[in-house]
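Read top to bottom, the protein sequences are chains A and B.
One point on numbering: in the numbering used here, the residue at position 66 of the first sequence is 108, and numbering is uninterrupted.
One point on numbering: in the numbering used here, the residue at position 46 of the second sequence is 59, and numbering is uninterrupted.
Below is one structure, written out as structure tokens; comments come after it.
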Amino acid sequence: MTLDFSVILDNWQLFASGLWMTLVVALLSIAAGFLLAIPVAIMALSHRRWLRTIAGAYVEWFRNIPFIVVLYIFFYGLPFMGLRLPEPVVGGIALAFYASTYFSEVIRGAVLAVPKGQLEAARAVGMSYFMGMREVVAPQTLRLLLPPSTNTAISMIKETSVLSTITVAEITYQGLVVQGATFAPFEVFLTTAALYWLITSAFAHGMHRVERAAGAAQGSQQARHSLADKYLQLGMRRNK
Amino acid sequence: MSNSDAAPVAPIISVTGVSKWYGAFQVLTDVSLSVAKGEKVVICGPSGSGKSTLIRCLNQLEQHQQGSIVVDGIELGKSESAAQAVRREVGMVFQHFNLFPHLDLVQNCVLAPMSVRGMSRRAAEAMAVKLLERVRLGEHAHKYPSQLSGGQQQRAAIARALCMEPRVMLFDEPTSALDPEMVGEVLDTMRGLAAEGMTMMIVTHEMGFARQVADRVVFMDRGQIVEQAPPAAFFGAPVHERTRRFLSQVLH
């Protein structure tokens, strides 16, 4: 068996438009998912039990079902509620909700990792809970937030491939189209895989630079133990 | 220095019949205590005796469930706004300093005056620099907490609390987390504050400091105030068996 990649060159426009669709849907739904995750995390951290219960149920629900089922609920369900939206929009909304549950857990974990004494110190000097969270706790979560957020975002980039099942013309969908026309599965899907790899590794690389910049902003001031530094970087690499 | 015969001024802190439970465990039992303006009160006792819990109730980092606490004329426990009003007037210094690690010392100091009291950055920074100089950290004003020793961090934490111009200062074991050679510099800073007439409540195991600085020493055990007296009487002639046992342990 020989691989003949000319079928890819002949159909490059399809792959290019698929790549563009994947990028747009992934970035918008990840951004929306993260924003949506903030109120969910705030509720999950609340001292009011009913808010915690709502947030907990929301997270449990989305986290314990496969994304494809979430997608079907939105795709087949929304028209029954009188909402007819283009497939990429429905897919993006479903992915945003799905991602928000993972991001909310990431945010909750980062807030809990800030020592309790920080908020106490803020309150002891007269700041309100909200002010203390904003001025003292939130800035300290940033560095804790970045590595696990990168992981979650990469998972979500890969989940966009599921949108091919509702005919969103992203990379996997275009791969299927080209495969149907050319019967060259290895060439087609190795190319598809390479395109995903390109997106996720570029994203991971970019986020790593942001992490370093954020780390440098605080790291130059915080003499962290060199062993701790090494461990943290190992963690980041492994997490990729 | 004794204040026990002071004129009948209204106390700045008055605690009456306060009890508190963690679940079924009672941490404070019917605690009553009043502190006059300018008085320095040291609270001592074995660990788990409720002394930290008591001073944390005074600025409502912990809530009491029974009894009343009035600080600077404000009744606590009724509302969060009362607690915030009291916290604006009452500074607190923690065992683990709790400086904000993402801010340098000046920024640590100006955050509350600017955000809570609406002070201008200029005025707040001028005050921060003045107070950092007073705790002898002038040349470290633009360093971050992690660049400083424990003793320096604790002095910075005192300066941060003073930037709110508090009427009362609470100290929750301020030297317990320090290396022995750094205890002195923090106690010296606190002595300076005492000499200026600040009302202070101090939870500490530093009995030498208590003897020199306190107007009154309060001994707590198992959530109750067992005994309180001016230092001469407290150390010279403790009345209760539990106090004597405690003192024999801490004074070696």
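Note that the Cβ used here is the ideal one computed from N, Cα and C, for glycine as well.
- One thing to note: L183 (chain B) has its Cβ no nearer than 7 Å to the Cβ of M233 (chain B).
- Straight across, the Cα-Cα distance linking D52 (chain A) with N193 (chain A) is about 34 Å.
- G174 (chain A) is outside the set of residues whose beta carbon lies under 7 Å from a beta carbon in chain B.
- Between K64 (chain B) and V239 (chain B), the C-beta gap is not smaller than 7 Å, which leaves the two residues out of contact.
- Proximity of V252 (chain A) to chain B, defined by a Cβ-Cβ separation below 7 Å, is not satisfied.
- Pairwise C-beta distances place the segment 107-118 of chain B out of contact with the segment 87-94 of chain B, as fewer than three of them are shorter than 8 Å.
- Pairing V129 (chain B) with R173 (chain B), the inter-Cα distance amounts to about 13 Å.
- In terms of Cβ geometry, E129 (chain A) and T202 (chain A) do not form a close pair [threshold 7 Å].
- Check the Cα spacing between M140 (chain B) and each of B:V106, B:V54, B:L175: the tightest is with B:L175.
- Along the segment 105-134 of chain B, going in chain order, the ones with a CB nearer than 7 Å to a CB of chain A are M105, F107, H109, N111, F113, P114, H115, L124, A125, S128, V129.
- The contact set of R100 (chain B) on chain A, defined by CB atoms closer than 9 Å, consists of R165, A166, V167, G168, M169 in chain order.
- Of all residues in the segment 177-193 of chain A, the ones placed with a Cβ closer than 7 Å to any Cβ belonging to chain B are E177, V178, P181, Q182, in chain order.
- Under the DSSP assignment, K53 (chain B) falls in the beta strand (DSSP E) whose first and last residues are 53-57.
- The Cβ of G159 (chain A) sits closer than 7 Å to at least one Cβ of chain B.
- At a cut-off of 7 Å between beta-carbon atoms, E162 (chain A) makes contact with chain B.
- Taking the Cα positions, L113 (chain A) is about 36 Å away from A255 (chain A).
- Scanning the segment 83-119 of chain B from its first residue to its last, the whole alpha helix (DSSP H) runs of 4-plus residues come out as 93-102.
- Per DSSP, reduced to three states, the secondary structure at M233 (chain B) is strand.
- Where G30 (chain B) is concerned, the enclosing beta strand (DSSP E) starts and stops at 26-35.
- Neighbours of M140 (chain B) across chain A, judged by C-beta separation under 7 Å, do not exist; the nearest C-beta is about 14 Å away.
- For L145 (chain B), the closest alpha carbon among the candidates B:Q160, B:T202, B:T188 is that of B:T202.
- Cβ-Cβ separation between R204 (chain B) and V226 (chain B): approximately 6 Å, consistent with a contact (criterion under 8 Å).
- Taking each of B:A154, B:V99, B:L71 in turn and checking the Cα distance to S32 (chain B), the smallest one comes out for B:L71.
- A distance of 7 Å or more separates the beta carbons of T66 (chain B) and V44 (chain B).
- A residue is called buried once 16 or more other Cβ atoms fall within 10 Å of its Cβ, and P189 (chain A) is buried on that count.
- Listed in chain order, the non-local C-beta contacts of I80 (chain A) below 7 Å within the same chain comprise I149, local neighbours out to five positions each way being set aside.
- Using a Cβ-Cβ cut-off of 7 Å, M177 (chain B) counts as an interface residue toward chain A, since at least one Cβ of chain A sits closer than that to its own.
- For T42 (chain B), the enclosing beta strand (DSSP E) covers residues 38-48.
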